[in-house]
Structure formats: structure tokens, C-alpha cells
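First comes the structure, then the notes that go with it.
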Amino acid sequence: SKPNEKNILYQVLRLLRPNIQLVFVADGPLRPLNKNCGKAAHADSDKYTGLLRKTMDHHNVAWHKAPAEAEAECATLQKLGIVDCVWTEDADAFVFGAHTVLRVTTSTSPRLPRESQERLTQANTLQRPMRRASL
């Protein structure tokens with residue numbers, strides 16, 4: 014089992030439910046090989062995103078391979094008005110000029126009671142109607 018892919022799928026399905034259109038953006042071949050405070054990055058993202066891409070294709074989620082850094086591409090898509098916000102695990106998209114970012118959280122801390130989760134989801138959904146998100 015692949016927990017990262019399962020978590021992404023769970024989040025994607027939650028976003029698809031209210032009819033949000035997603036665009037998944039993967040790192041491209043010109044992405045820096047050494048990223049994230051010295052942690053090694055994968056030069057060949059196709060090898061590591063194959064299962065995720067098949068899953069997104071199955072759910073009719075658009076897929077785009079960036080020329081270099083995915084966060085930079087997402088910020089550009091937002092500046093051009095193609096997407097309304099950027100959904101990412103970190104805040105790099107701000108550095109590249111994104112102005113609305115949803116942060117992916119994968120916490121191991123105790124979860125909120127289901128009732129609280131539902132209220133938070135409803136509050137977040139009602140604050141601003143969002144049509145397109147770049148992943």
C-alpha cells in the first residue's frame with residue numbers, strides 16, 4: 014500500500030465532491046536535483062508519479078508536467094487566471110508569486126471529532142466559492 018498516494022486520493026475525492034475542477038501539476042525535467050533544505054529530490058518524477066497519474070486520469074483530473082518546479086508552474090497558472098488557488102504541501106508557491114494557497118496537512122496528531130471536522134469543512138466551503146485548484 015502507498016500511504017502518500019492514498020492520502021492524496023482521499024483529499025482529491027473530497028475536493029471533487031463539491032465539483033471543484035483540479036489540475037495536477039508534476040515537477041518537470043528542469044527541477045533542481047537538490048531541494049528542500051538539502052534533502053535529495055528525484056530527477057525522474059515519472060518514475061515516482063506513475064501510480065498517481067493513473068489514479069488522477071481515472072478520476073478525470075487534468076494532469077500537467079511543469080518544465081521545472083511544480084510550485085512555480087502552479088503560481089504561474091494562478092497569475093494567468095487559469096486556476097483560483099494552489100494546493101501544496103509547503104509554502105513555496107508564495108515565493109513564486111501565488112497569492113491564494115491551500116496547504117495540504119498530513120498530521121499524525123489526534124483528529125478532531127467528526128462534528129467539528131464537518132463544521133470546518135462547511136465553513137471553508139462557504140467562505141469563498143472556488144472553481145479551479147492547481148495541485
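Counting from 14, one number per residue, gives the positions in the sequence shown under the working numbering. For each residue, glycine too, the CB sits at the ideal point set by N, CA and C. Only a predicted model underlies this, so the values are computations on that prediction, with no experimental measurement involved.
Listed as beta-bridge partners of His77 by DSSP are Val38. Look at the beta carbons and you see the segment 67 to 75 not touching the segment 87 to 104: under three pairs across the two are nearer than 8 Å.
Beyond the five residues adjoining it in sequence on each side, Ala83 comes within less than 7 Å, by CB distance, of Val38, Ala39, Asp40 in the same chain, given in chain order. Annotation for Arg30: no beta strand (DSSP E) segment contains it, and DSSP assigns it neither H nor E. By DSSP's assignment, Thr101 forms a beta bridge with Arg116.
The beta carbon of Arg66 lies closer than 7 Å to those of Trp76 in the same chain, with the five residues before and after it left out. Lys15 carries a coil assignment under DSSP once its states are collapsed to helix, strand and coil. Remark: C-beta atoms of Thr68 and Leu22 approach each other more closely than 8 Å.
A buried status is given to Val96, since no fewer than 16 other beta-carbon atoms sit within 10 Å of its beta-carbon. Membership of Leu90 in the alpha helix (DSSP H) is indicated by the continuous run 83 to 92. Comparing C-alpha distances from Ala85 to each of Leu64, Trp100, Gly110, Glu102 shows the shortest one belongs to Gly110.
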